[in-house]
Amino acid sequence: MNADAQLEKAVALIDEQIASALRTTYKFRERWSGEKLRRRIGGFATLIQPSQEQVEYDFFNEFIEFSVRNDMVNPILESLFALYGIDAIWPRGSTVFWLNNEKHERANPIEFLISTNCETVGYRYTIPDSITAMEVDSWGISRIVVIDWSAAETEELKRRSEELCVEGSDSVFQISSSGFFKKIFPEALYDEFVYRIRDAVARVEDIIGLQAIPSLSMPRLAPFRASLIDEIHRTVDGFPESTYTVKSNHATFRLADEDQIVLNKAFFDDGLGHCLVGTKGFARCLTTSEYLRRSFLRGGEFDYTSIVCGYIKAVEQLSYELMLATLGTPGSENLFIATPSKGKGAIEYRRPFDWSKKTRHVQFVESNRERFSTNLVSLANLLHDNETAWRISDEGRHFVLLKIRDFAGKDRNGYFHKDNFTDLGEVNRIRQDAIALLYYLLGGYVIPGSKEKALETLGLKHVSYSEIYMKLAEIPLTDFVLEFEGLNPVKAVRPFEQPVIEYDDYGLVSSKIFFVRVDSYRGARERELTEAISKDDLIVVDRDNMPSRVFFVKRSGERVQVW
């Protein structure tokens, strides 16, 4: 059998074993349906009363790890060893059901043995608490190798392909799962193995029908907001070419590359995009829809109207906020906005790019505010007409107007009638369209007035502090360099004792962070209680006292900027 035929046979064996594992899962689900599961009694059963959903999730989550090991990984490896002529033995240890790898391997220290090059090596999946060289000798093996499955991404697993000695042991080594495959099998087989088992695990979760969907509580909202900024960045980076074109009256308009550069600078580099996780209504609409969308990513016959509504409302509410920020500014009295009323002062004229009919307008002044038409197209027309308030070119300004009109006609008015909205693909398309418009408006339109007014209008006032807090919370190190505007850099350590984390009504972190000014990082200063620190050395970082730059310091002395 040549190499290609052997690889094809290996993939078929993987698929065959996965099919068997899925059949087992179906039988398991039928046997252990929700009504047959009793609530588990813990050490404080009187005080701890888990919900039935929590009991089911815990139960089936343990089953999944057990199933991946016993019904997929081990049987697949056994079949592949036989196909490639690997001399492998599977010790018949005690069968321990419902346990994860670590607990299983306490009772069964070796998953399998491979004999090659005059040595026998024992393989397992977790680092043992303690195994001596004497024990290894007594088992008749030369060493133990732990196959590391811990990395989440395939590329991360591929970075280390050689065996490394586990610290504190001369007999236990560790190798990545990809490194193990490369030693034993053809390199191409590893990607097939990972892809197929990941897909099978997703199908197992569908069969079981349970997912962990955490409630959007305050402790979860802050990190969710932080992750949302990165997600939006990826979405914008991945816009297809069609995002930058629009058709009107048989002509195609395209956003120029120069305008895209301007939008990127304002939205990303200047941080205006961060208002999408801020305190204003448009940010709350977007956050809610993003959360719901993540909860329903598997699809199915659900009605997604509420998700779509949030994306559309986010565009409408941002446009409304920009309109209010423009009202009363110098020169705004020369603008006109559409009105549904026929009262005094109303005039009729045809709109640019829409010459088919005349529409009524009133002067854009405070006294006419109750007469303003505030639908999305009317707001877009007004913002478009404010020519001096755009960072991008006139052609770019026209493009944004046409994109909003297209969105209003195709997305805004097309999905709020008698039919259910069940196509998750359409949800993702509308999401992309909405994020594109938020990107155009935030990056392209300049809010008249001071910087403080812009921050207030966009709900950005305390977003940056919440973001720096969450970034620092992810860093386990205690040594830092803080730079405040106009002052010299300060060496500082972060004490272990910190204020309890608190949130405002918008889910933004409001707690302070304590640092201690030091001359040297060496010593135990970072372990001191806050009360024992001199007030002269205590640095309090909060919403009103934020550093302009923050670095953490590695043990080697290298500084890494985190803010």
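Counting from 1282, one number per residue, gives the positions in the sequence shown under this note's numbering. Backbone N, C-alpha and C fix where the C-beta goes; we use that ideal spot for every residue, glycine too.
For this session: Give every residue of the same chain whose Cβ lies closer than 6 Å to the Cβ of Arg1641, excluding the five residues on either side of it in the sequence, and list them in chain order.
Result: By 1-based counting over the sequence shown, the position of residue 1641 is 360. If we look at Arg1641 and ignore the five residues flanking it on each side, its Cβ neighbours are Thr1620, Ala1627 and Glu1629.
Exercise. Just checking my contact of Asn1382 with Arg1350 at CB under 8 Å: how many whole Å lie between their CB atoms?
Worked result: Looking up residue 1382 in the sequence shown gives position 101. Looking up residue 1350 in the sequence shown gives position 69. The Cβ separation is near 6 Å, so the contact holds.
Exercise. Where does Val1417 land, buried or exposed, given buried means 16+ other C-beta within 10 angstroms?
Worked result: The residue labelled residue 1417 in the question sits at position 136 within the sequence shown. Flag for Val1417 reads buried.
For this session: Using the Cα positions of Ser1648 and Val1822, report the straight-line distance between them to the nearest angstrom.
Result: Within the sequence shown, residue 1648 is the residue found at index 367, counting from 1. Within the sequence shown, residue 1822 is the residue found at index 541, counting from 1. One C-alpha to the other measures close to 45 Å.
Exercise. Do Ile1820 and Ala1773 have their C-beta atoms within less than 7 Å of each other?
Worked result: Against the sequence shown, residue 1820 aligns to sequence position 539. Against the sequence shown, residue 1773 aligns to sequence position 492. Yes, the pair counts as a contact, with Cβ atoms nearer than the cut-off.
Exercise. Residue range of the beta strand (DSSP E) that Leu1819 falls in?
Worked result: Start at 1 with the first residue of the sequence shown, and residue 1819 comes out as number 538. Unbroken beta strand (DSSP E) run through Leu1819: Leu1819 to Val1822.
Problem set entry | Local conformation of Phe1833 per DSSP, three classes | Numbered from 1 along the sequence shown, position 552 holds the residue referred to as residue 1833. Here Phe1833 sits in strand by DSSP.
Problem set entry | Buried versus exposed, by CB contacts within 10 Å (16 or more), Ala1720 | Within the sequence shown, numbered from 1, the residue matching residue 1720 stands at position 439. A small correction: the amino acid at residue 1720 is Tyr; Ala does not occupy that position in the sequence shown. Looking at its Cβ environment, which holds 16 or more other Cβ atoms inside 10 Å, Tyr1720 is buried.
Exercise. Is the region 1601-1617 touching the region 1659-1671, taking contact as three or more C-beta pairs under 8 Å?
Worked result: yes
For this session: State the DSSP-derived secondary structure class of Arg1650, mapped to helix, strand or coil.
Result: The residue you call residue 1650 lines up with position 369 of the sequence shown. If DSSP states are grouped into helix, strand and coil, Arg1650 belongs with the helices.
Exercise. If you run the structure through DSSP and keep just helix, strand and coil, what is Leu1758?
Worked result: On the sequence shown, residue 1758 is found 477 positions in, with the first residue counted as 1. The answer is coil: DSSP assigns Leu1758 none of H, G, I, E or B.
Exercise. Any idea what DSSP makes of Glu1778, helix, strand or coil?
Worked result: If you number the sequence shown from 1, residue 1778 lands on position 497. Coil, per DSSP.
Exercise. When DSSP labels each residue in this structure, what does Lys1816 get in the three-state scheme?
Worked result: Start at 1 with the first residue of the sequence shown, and residue 1816 comes out as number 535. Correct three-state label for Lys1816: coil.
For this session: Counting only the same chain and skipping the five closest in sequence on each side, list residues whose C-beta sits under 8 Å from that of Ile1408.
Result: Walking along the sequence shown from the start, residue 1408 turns up at place 127. Cβ within range, chain order: Val1427, Val1447, Val1453 and Gln1455.
Exercise. Where does Arg1304 land, buried or exposed, given buried means 16+ other C-beta within 10 angstroms?
Worked result: Counting from 1 along the sequence shown, the entry for residue 1304 is found at position 23. Exposed.
Exercise. Relative to the alpha-carbon of Cys1399, which residue among Glu1392, Arg1387, Gly1421 and Lys1384 has its alpha-carbon at the smallest distance?
Worked result: What you label residue 1399 is simply residue 118 of the sequence shown in a count that begins at 1. Measuring from the Cα of Cys1399, the nearest candidate turns out to be Gly1421.
Problem set entry | His1385 versus Phe1362: straight-line alpha-carbon distance, rounded | For the purposes of this step, residue 1385 is taken as the residue at position 104 of the sequence shown. For the purposes of this step, residue 1362 is taken as the residue at position 81 of the sequence shown. Computed Cα separation, rounded: 22 Å.
Exercise. Are the beta-carbon atoms belonging to Val1596 and Leu1718 less than 7 Å from one another?
Worked result: Reading the sequence shown from its first residue, position 315 is the one you call residue 1596. Reading the sequence shown from its first residue, position 437 is the one you call residue 1718. Going by C-beta atoms, Val1596 is nearer than 7 Å to Leu1718.
Exercise. Using a Cβ-Cβ cut-off of 7 Å (strictly less than) and excluding sequence neighbours within five positions of Thr1568, which residues of its own chain qualify?
Worked result: Locating residue 1568 in the sequence shown gives position 287, where the first residue counts as 1. Once the five neighbours on either side are set aside, the close Cβ partners of Thr1568 are Arg1506, Leu1509 and Val1558.
Exercise. At what residues does the beta strand (DSSP E) containing Asp1551 begin and finish?
Worked result: Within the sequence shown, numbered from 1, the residue matching residue 1551 stands at position 270. Premise fails: Asp1551 is in no beta strand (DSSP E) and is neither H nor E.
Problem set entry | Enclosing beta strand (DSSP E) for Ser1529 [first to last residue] | As a first step, residue 1529 must be located in the sequence shown, where it is residue number 248. Looking at the DSSP string, the run of the beta strand (DSSP E) that includes Ser1529 is Thr1526 to Ser1529.
Exercise. Looking at Ser1570 and Tyr1592, is the spacing between their C-beta atoms short of 7 Å?
Worked result: In the sequence shown, the residue the question calls residue 1592 occupies position 311. In the sequence shown, the residue the question calls residue 1570 occupies position 289. The answer is yes: Cβ separation under 7 Å.
For this session: Look at Ser1747 and Leu1789 and say whether their C-beta atoms are less than 7 Å apart.
Result: Reading the sequence shown from its first residue, position 466 is the one you call residue 1747. Reading the sequence shown from its first residue, position 508 is the one you call residue 1789. A contact, by the Cβ cut-off of 7 Å.
For this session: To the nearest angstrom, report how far apart Leu1318 and Asp1429 are at their CA atoms.
Result: Translated into positions along the sequence shown, residue 1318 becomes position 37. Translated into positions along the sequence shown, residue 1429 becomes position 148. At Leu1318 the pLDDT is 49, less than 50, meaning the model places this residue with poor confidence; the figure from the coordinates comes in the next sentence. So the alpha carbons of these two residues sit roughly 33 Å apart.
For this session: State buried or exposed for Met1282, treating a residue as buried only when at least 16 other CB atoms are found within 10 Å of its CB.
Result: By one-based count along the sequence shown, residue 1282 stands at place 1. Looking at its Cβ environment, which holds fewer than 16 other Cβ atoms inside 10 Å, Met1282 is exposed.
Problem set entry | Limits of the unbroken alpha helix (DSSP H) element including Phe1461 | Translated into the one-based positions of the sequence shown, residue 1461 becomes position 180. From DSSP, the alpha helix (DSSP H) with Phe1461 extends over Ser1458 to Ile1465.
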